[in-house]
Amino acid sequence: MPLVKIPTLQLSCQRKIIASATFLFLYCGISIGPSSLITAAYASNDSTQDISRGIKQFNRGLKLAKRGQLNRAIAVFKKLTNEFPQWPEPFNNLAVIYEQQGRNKDAIATLEAALNTHPSYSTAHQNLNRIYDSMASKAYEKAFALNNKKKSKQAKLSTINELHLVPTANVTVAGVHQTDNAPKSVVADGKTQNSLNIAVSSATREGPKQRLLDTLSAWAKAWSQQDVDAYLSFYSAQFQPARGMAINAWRKQRRQRLTAPKQVQIMLNDAKVIHIGDKQARVRFRQSYQSDNFSSHASKQLNFEKVGNDWRIVTERVLRESLQ
28 MPLVKIPTLQ
38 LSCQRKIIAS
48 ATFLFLYCGI
58 SIGPSSLITA
68 AYASNDSTQD
78 ISRGIKQFNR
88 GLKLAKRGQL
98 NRAIAVFKKL
108 TNEFPQWPEP
118 FNNLAVIYEQ
128 QGRNKDAIAT
138 LEAALNTHPS
148 YSTAHQNLNR
158 IYDSMASKAY
168 EKAFALNNKK
178 KSKQAKLSTI
188 NELHLVPTAN
198 VTVAGVHQTD
208 NAPKSVVADG
218 KTQNSLNIAV
228 SSATREGPKQ
238 RLLDTLSAWA
248 KAWSQQDVDA
258 YLSFYSAQFQ
268 PARGMAINAW
278 RKQRRQRLTA
288 PKQVQIMLND
298 AKVIHIGDKQ
308 ARVRFRQSYQ
318 SDNFSSHASK
328 QLNFEKVGND
338 WRIVTERVLR
348 ESLQ
(Lines of atoms letter the chains of each structure in order from A; the text may use other names.)
(Lines give C-alpha, C1' and ligand atoms only; values in the text may rest on other atoms or scores of the structure.)
Protein backbone atom coordinates (compact mmCIF):
# COMPACT_ATOMS: atom_id res chain seq x y z
CA MET A 28 0.00 0.00 0.00
CA PRO A 29 1.24 3.52 -0.66
CA LEU A 30 1.78 6.27 1.83
CA VAL A 31 0.72 9.74 0.77
CA LYS A 32 3.35 12.43 0.75
CA ILE A 33 2.30 16.08 0.87
CA PRO A 34 4.96 18.54 -0.32
CA THR A 35 4.96 22.34 -0.30
CA LEU A 36 1.76 24.20 0.70
CA GLN A 37 0.30 27.26 -0.97
CA LEU A 38 -2.33 29.29 0.92
CA SER A 39 -4.81 31.55 -0.93
CA CYS A 40 -6.90 34.38 0.53
CA GLN A 41 -9.80 31.92 0.81
CA ARG A 42 -7.44 29.81 2.96
CA LYS A 43 -7.60 26.78 0.73
CA ILE A 44 -4.73 24.38 0.73
CA ILE A 45 -3.59 23.14 -2.65
CA ALA A 46 -1.37 20.13 -2.11
CA SER A 47 0.36 17.99 -4.68
CA ALA A 48 0.22 14.50 -3.20
CA THR A 49 2.87 11.99 -4.30
CA PHE A 50 1.94 8.36 -3.73
CA LEU A 51 4.71 5.98 -2.68
CA PHE A 52 4.49 2.23 -2.43
CA LEU A 53 5.57 0.86 0.94
CA TYR A 54 5.61 -2.89 1.25
CA CYS A 55 7.04 -4.40 4.43
CA GLY A 56 8.60 -1.01 5.20
CA ILE A 57 10.53 -0.79 1.94
CA SER A 58 9.96 2.17 -0.35
CA ILE A 59 9.41 0.93 -3.90
CA GLY A 60 9.24 4.33 -5.55
CA PRO A 61 6.91 7.15 -6.61
CA SER A 62 3.83 6.68 -8.75
CA SER A 63 1.36 9.15 -10.21
CA LEU A 64 0.49 12.57 -8.79
CA ILE A 65 -2.87 13.91 -7.74
CA THR A 66 -3.99 17.35 -6.62
CA ALA A 67 -6.21 17.82 -3.59
CA ALA A 68 -7.88 20.99 -2.33
CA TYR A 69 -9.12 21.38 1.23
CA ALA A 70 -11.09 24.18 2.77
CA SER A 71 -9.65 24.87 6.20
CA ASN A 72 -10.55 26.99 9.20
CA ASP A 73 -7.20 26.28 10.83
CA SER A 74 -4.54 28.94 11.13
CA THR A 75 -1.51 28.96 8.88
CA GLN A 76 0.63 28.09 11.88
CA ASP A 77 -1.53 25.07 12.76
CA ILE A 78 -1.47 23.85 9.18
CA SER A 79 2.30 24.22 8.95
CA ARG A 80 2.68 22.25 12.19
CA GLY A 81 0.34 19.57 10.87
CA ILE A 82 2.34 19.16 7.66
CA LYS A 83 5.58 18.87 9.63
CA GLN A 84 4.04 16.13 11.76
CA PHE A 85 2.70 14.43 8.64
CA ASN A 86 6.16 14.31 7.07
CA ARG A 87 7.58 13.12 10.40
CA GLY A 88 5.10 10.25 10.35
CA LEU A 89 6.25 9.34 6.82
CA LYS A 90 9.88 9.24 7.89
CA LEU A 91 9.10 7.10 10.94
CA ALA A 92 7.14 4.62 8.83
CA LYS A 93 9.90 4.36 6.22
CA ARG A 94 12.41 3.70 9.01
CA GLY A 95 10.24 0.86 10.30
CA GLN A 96 9.27 2.70 13.51
CA LEU A 97 5.64 1.80 12.95
CA ASN A 98 4.24 2.30 16.45
CA ARG A 99 5.66 5.82 16.61
CA ALA A 100 4.29 6.53 13.13
CA ILE A 101 0.87 5.27 14.24
CA ALA A 102 0.89 7.72 17.14
CA VAL A 103 1.70 10.60 14.78
CA PHE A 104 -0.95 9.77 12.21
CA LYS A 105 -3.58 9.07 14.88
CA LYS A 106 -3.01 12.52 16.34
CA LEU A 107 -3.29 14.07 12.88
CA THR A 108 -6.63 12.37 12.21
CA ASN A 109 -7.97 13.98 15.38
CA GLU A 110 -6.53 17.43 14.70
CA PHE A 111 -7.18 17.50 10.94
CA PRO A 112 -10.11 15.15 10.27
CA GLN A 113 -10.69 16.86 6.90
CA TRP A 114 -7.41 15.43 5.58
CA PRO A 115 -7.85 11.89 4.20
CA GLU A 116 -4.11 11.26 3.80
CA PRO A 117 -3.32 10.65 7.51
CA PHE A 118 -6.20 8.14 7.64
CA ASN A 119 -4.83 6.40 4.54
CA ASN A 120 -1.30 6.18 5.90
CA LEU A 121 -2.52 4.94 9.27
CA ALA A 122 -4.40 2.17 7.46
CA VAL A 123 -1.26 1.31 5.47
CA ILE A 124 0.65 0.68 8.68
CA TYR A 125 -2.19 -1.30 10.26
CA GLU A 126 -2.28 -3.54 7.19
CA GLN A 127 1.48 -4.09 7.34
CA GLN A 128 1.05 -5.23 10.95
CA GLY A 129 -1.71 -7.65 9.95
CA ARG A 130 -4.42 -5.56 11.63
CA ASN A 131 -6.88 -5.74 8.76
CA LYS A 132 -9.94 -4.80 10.81
CA ASP A 133 -8.25 -1.64 12.06
CA ALA A 134 -7.10 -0.83 8.53
CA ILE A 135 -10.62 -1.24 7.16
CA ALA A 136 -12.16 0.92 9.90
CA THR A 137 -9.59 3.65 9.27
CA LEU A 138 -10.14 3.65 5.51
CA GLU A 139 -13.88 3.85 6.04
CA ALA A 140 -13.28 6.87 8.28
CA ALA A 141 -11.35 8.46 5.40
CA LEU A 142 -14.30 7.83 3.09
CA ASN A 143 -16.65 9.46 5.59
CA THR A 144 -14.81 12.74 5.06
CA HIS A 145 -13.99 12.23 1.37
CA PRO A 146 -16.39 9.69 -0.21
CA SER A 147 -14.71 9.97 -3.62
CA TYR A 148 -11.17 9.44 -2.29
CA SER A 149 -10.12 6.75 -4.73
CA THR A 150 -7.00 5.65 -2.83
CA ALA A 151 -9.13 4.56 0.12
CA HIS A 152 -11.47 2.68 -2.23
CA GLN A 153 -8.49 0.91 -3.81
CA ASN A 154 -7.04 -0.01 -0.41
CA LEU A 155 -10.33 -1.45 0.79
CA ASN A 156 -10.72 -3.53 -2.36
CA ARG A 157 -7.23 -4.96 -2.01
CA ILE A 158 -7.70 -5.84 1.67
CA TYR A 159 -11.05 -7.53 1.06
CA ASP A 160 -9.64 -9.43 -1.90
CA SER A 161 -6.68 -10.65 0.15
CA MET A 162 -8.92 -11.68 3.04
CA ALA A 163 -11.26 -13.56 0.72
CA SER A 164 -8.38 -15.44 -0.94
CA LYS A 165 -7.03 -16.55 2.42
CA ALA A 166 -10.48 -17.62 3.58
CA TYR A 167 -11.07 -19.65 0.40
CA GLU A 168 -7.74 -21.42 0.75
CA LYS A 169 -8.41 -22.25 4.40
CA ALA A 170 -11.98 -23.40 3.79
CA PHE A 171 -11.21 -25.55 0.79
CA ALA A 172 -7.81 -26.75 2.09
CA LEU A 173 -6.30 -25.91 -1.28
CA ASN A 174 -2.98 -27.54 -2.04
CA ASN A 175 -1.19 -24.33 -2.85
CA LYS A 176 2.53 -24.11 -2.18
CA LYS A 177 2.51 -20.35 -2.52
CA LYS A 178 1.24 -18.39 0.46
CA SER A 179 -1.37 -15.72 -0.11
CA LYS A 180 0.26 -12.40 -0.74
CA GLN A 181 -0.21 -9.53 1.64
CA ALA A 182 -2.62 -6.96 0.26
CA LYS A 183 -0.70 -4.47 -1.85
CA LEU A 184 -2.17 -1.37 -3.42
CA SER A 185 -1.65 -0.44 -7.04
CA THR A 186 -1.26 3.14 -8.20
CA ILE A 187 -4.26 5.40 -7.69
CA ASN A 188 -7.11 4.90 -10.15
CA GLU A 189 -10.04 7.23 -10.66
CA LEU A 190 -13.28 5.26 -10.39
CA HIS A 191 -15.36 7.41 -12.76
CA LEU A 192 -18.51 6.51 -10.86
CA VAL A 193 -21.82 7.23 -12.57
CA PRO A 194 -24.79 8.53 -10.51
CA THR A 195 -27.09 5.70 -9.53
CA ALA A 196 -30.34 7.42 -10.47
CA ASN A 197 -31.33 4.44 -12.54
CA VAL A 198 -33.77 1.59 -12.15
CA THR A 199 -33.09 -0.56 -9.10
CA VAL A 200 -33.40 -4.31 -9.21
CA ALA A 201 -35.56 -5.50 -6.33
CA GLY A 202 -34.22 -8.01 -3.84
CA VAL A 203 -35.88 -10.74 -1.84
CA HIS A 204 -37.46 -8.31 0.59
CA GLN A 205 -40.30 -7.23 -1.67
CA THR A 206 -44.04 -7.00 -1.35
CA ASP A 207 -45.98 -10.23 -1.75
CA ASN A 208 -47.04 -9.27 -5.27
CA ALA A 209 -43.50 -8.70 -6.50
CA PRO A 210 -41.39 -11.50 -8.00
CA LYS A 211 -38.67 -12.71 -5.68
CA SER A 212 -35.07 -13.77 -6.02
CA VAL A 213 -34.64 -17.50 -6.39
CA VAL A 214 -31.72 -19.39 -4.89
CA ALA A 215 -30.09 -21.67 -7.42
CA ASP A 216 -28.05 -24.71 -6.49
CA GLY A 217 -26.41 -27.58 -8.28
CA LYS A 218 -29.24 -29.99 -7.51
CA THR A 219 -32.15 -28.06 -8.95
CA GLN A 220 -33.07 -26.83 -12.40
CA ASN A 221 -34.48 -23.52 -11.13
CA SER A 222 -32.90 -20.53 -12.78
CA LEU A 223 -31.70 -17.65 -10.65
CA ASN A 224 -34.23 -14.91 -11.30
CA ILE A 225 -33.59 -11.33 -10.24
CA ALA A 226 -36.80 -9.47 -9.54
CA VAL A 227 -37.06 -6.17 -11.41
CA SER A 228 -39.54 -3.35 -11.66
CA SER A 229 -41.91 -3.28 -14.63
CA ALA A 230 -39.98 -0.35 -16.11
CA THR A 231 -36.97 -2.57 -16.83
CA ARG A 232 -38.61 -5.80 -17.96
CA GLU A 233 -37.69 -5.14 -21.56
CA GLY A 234 -34.84 -3.45 -23.36
CA PRO A 235 -31.05 -3.26 -22.93
CA LYS A 236 -31.09 -3.09 -19.13
CA GLN A 237 -33.17 -6.21 -18.81
CA ARG A 238 -30.90 -8.10 -21.23
CA LEU A 239 -27.93 -7.07 -19.12
CA LEU A 240 -29.66 -8.28 -15.96
CA ASP A 241 -30.54 -11.54 -17.71
CA THR A 242 -26.82 -12.01 -18.36
CA LEU A 243 -26.08 -11.34 -14.69
CA SER A 244 -28.70 -13.90 -13.68
CA ALA A 245 -27.30 -16.53 -16.06
CA TRP A 246 -23.78 -15.91 -14.75
CA ALA A 247 -24.96 -16.53 -11.17
CA LYS A 248 -26.88 -19.63 -12.25
CA ALA A 249 -23.81 -21.14 -13.90
CA TRP A 250 -21.83 -20.46 -10.73
CA SER A 251 -24.51 -22.02 -8.53
CA GLN A 252 -24.66 -25.12 -10.69
CA GLN A 253 -20.84 -25.31 -10.65
CA ASP A 254 -20.84 -25.36 -14.44
CA VAL A 255 -17.31 -24.05 -14.86
CA ASP A 256 -17.27 -23.80 -18.65
CA ALA A 257 -20.56 -21.90 -18.71
CA TYR A 258 -19.39 -19.67 -15.86
CA LEU A 259 -16.11 -18.77 -17.58
CA SER A 260 -17.92 -18.07 -20.86
CA PHE A 261 -19.43 -14.94 -19.27
CA TYR A 262 -15.96 -13.37 -19.01
CA SER A 263 -14.40 -11.42 -21.84
CA ALA A 264 -11.09 -12.47 -23.35
CA GLN A 265 -9.96 -9.04 -22.13
CA PHE A 266 -10.97 -9.76 -18.51
CA GLN A 267 -8.55 -8.27 -15.97
CA PRO A 268 -8.21 -10.42 -12.81
CA ALA A 269 -7.56 -8.74 -9.47
CA ARG A 270 -4.04 -8.22 -8.14
CA GLY A 271 -2.51 -8.52 -11.60
CA MET A 272 -3.05 -12.28 -11.84
CA ALA A 273 -2.53 -13.78 -15.29
CA ILE A 274 -5.79 -14.74 -17.00
CA ASN A 275 -4.86 -18.41 -17.37
CA ALA A 276 -3.87 -18.66 -13.71
CA TRP A 277 -7.15 -16.99 -12.77
CA ARG A 278 -9.18 -19.46 -14.87
CA LYS A 279 -7.37 -22.37 -13.22
CA GLN A 280 -8.04 -20.91 -9.77
CA ARG A 281 -11.73 -20.33 -10.52
CA ARG A 282 -12.13 -23.87 -11.87
CA GLN A 283 -10.63 -25.23 -8.66
CA ARG A 284 -12.78 -23.05 -6.40
CA LEU A 285 -16.01 -23.72 -8.24
CA THR A 286 -15.60 -27.49 -8.18
CA ALA A 287 -14.13 -27.85 -4.66
CA PRO A 288 -17.41 -27.58 -2.66
CA LYS A 289 -20.03 -30.32 -2.78
CA GLN A 290 -22.70 -27.73 -3.47
CA VAL A 291 -23.02 -23.97 -3.92
CA GLN A 292 -25.87 -21.51 -3.50
CA ILE A 293 -25.74 -17.98 -4.89
CA MET A 294 -28.30 -15.26 -4.28
CA LEU A 295 -28.17 -11.79 -5.80
CA ASN A 296 -30.11 -8.84 -4.40
CA ASP A 297 -30.46 -5.10 -4.98
CA ALA A 298 -28.83 -5.14 -8.41
CA LYS A 299 -28.49 -1.70 -10.00
CA VAL A 300 -27.61 -0.89 -13.59
CA ILE A 301 -25.62 2.23 -12.85
CA HIS A 302 -24.39 2.73 -16.41
CA ILE A 303 -25.21 1.27 -19.78
CA GLY A 304 -24.04 2.39 -23.20
CA ASP A 305 -23.61 0.92 -26.63
CA LYS A 306 -20.42 -0.94 -25.73
CA GLN A 307 -19.96 -0.72 -21.96
CA ALA A 308 -22.11 -1.24 -18.87
CA ARG A 309 -21.76 -1.40 -15.09
CA VAL A 310 -23.85 -3.27 -12.51
CA ARG A 311 -23.70 -3.32 -8.72
CA PHE A 312 -25.42 -5.82 -6.45
CA ARG A 313 -25.31 -7.69 -3.15
CA GLN A 314 -24.18 -11.30 -3.39
CA SER A 315 -24.71 -14.08 -0.87
CA TYR A 316 -22.50 -17.14 -1.30
CA GLN A 317 -23.14 -20.38 0.59
CA SER A 318 -21.33 -23.70 0.22
CA ASP A 319 -21.03 -26.73 2.46
CA ASN A 320 -17.95 -25.28 4.19
CA PHE A 321 -17.87 -21.54 3.52
CA SER A 322 -20.18 -18.54 3.30
CA SER A 323 -19.80 -14.86 2.54
CA HIS A 324 -21.84 -11.75 1.82
CA ALA A 325 -20.41 -9.14 -0.51
CA SER A 326 -21.25 -5.98 -2.39
CA LYS A 327 -19.82 -6.31 -5.89
CA GLN A 328 -19.47 -4.42 -9.12
CA LEU A 329 -19.18 -5.97 -12.58
CA ASN A 330 -18.10 -3.99 -15.61
CA PHE A 331 -19.28 -5.38 -18.93
CA GLU A 332 -18.31 -4.88 -22.56
CA LYS A 333 -20.41 -5.71 -25.60
CA VAL A 334 -19.01 -8.63 -27.62
CA GLY A 335 -21.22 -9.06 -30.65
CA ASN A 336 -24.72 -9.12 -29.23
CA ASP A 337 -23.67 -10.40 -25.80
CA TRP A 338 -22.46 -8.75 -22.61
CA ARG A 339 -19.18 -10.08 -21.22
CA ILE A 340 -17.45 -9.25 -17.90
CA VAL A 341 -14.20 -7.27 -18.16
CA THR A 342 -13.62 -6.40 -14.47
CA GLU A 343 -15.05 -7.74 -11.22
CA ARG A 344 -14.66 -5.81 -7.97
CA VAL A 345 -15.56 -6.64 -4.38
CA LEU A 346 -16.68 -3.36 -2.79
CA ARG A 347 -17.26 -4.86 0.65
CA GLU A 348 -17.24 -8.41 2.00
CA SER A 349 -18.01 -10.21 5.25
CA LEU A 350 -16.74 -13.76 5.63
CA GLN A 351 -18.14 -16.51 7.81
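So the working numbering is basically just the index in the sequence shown, starting at one, shifted up by 27.
Think of the CB as a built atom: it goes at the ideal place given N, C-alpha and C, for glycine as much as any other residue.
One Cα belongs to K90, the other to G271, and the distance between them is close to 29 Å. The way I'd put it, the segment 336 to 347 does touch the segment 234 to 254; three or more beta-carbon pairs between them come closer than 8 Å. Closest in C-alpha terms to I293, from the list Q265, S322, D305, H302, comes S322. Following the DSSP letters along the chain, one finds K236 inside the alpha helix (DSSP H) bounded by residues 235 to 251. Rounded to whole angstroms, the separation of the alpha carbons of F266 and I301 is 20 Å.
For a cut-off of 8 Å, the C-beta gap from F85 to P117 is around 6 Å, short enough to register as a contact. V291 sits away from S315, with the two beta carbons spaced by 8 Å or more.
When C-alpha distances from G129 are compared across F104, L97, Q76, K106, the shortest belongs to L97. About 18 Å separates the beta carbon of N109 from that of A92, a gap too long to meet the 8 Å contact definition. Non-local C-beta neighbours of R87 in its own chain, meaning closer than 8 Å and more than five positions away in sequence, comprise V103, ordered along the chain. When beta bridges are read from the DSSP output, S322 appears opposite Q317. A straight-line Cα-Cα distance of about 13 Å links N154 and A269.
Residue range 291 to 303 is occupied by the beta strand (DSSP E) that includes A298. Looking only at R282, K327, D254, S244, the smallest Cα-Cα distance to L346 is reached by K327. The C-alpha of A273 lies about 10 Å from the C-alpha of K279.
CA-CA distance, K132 to L138, rounds to 10 Å. Excluding the 5 residues flanking it on each side, R309 has same chain C-beta neighbours closer than 6 Å at I301, H302, N330, in chain order. In the DSSP assignment, W338 forms a beta bridge with K333.
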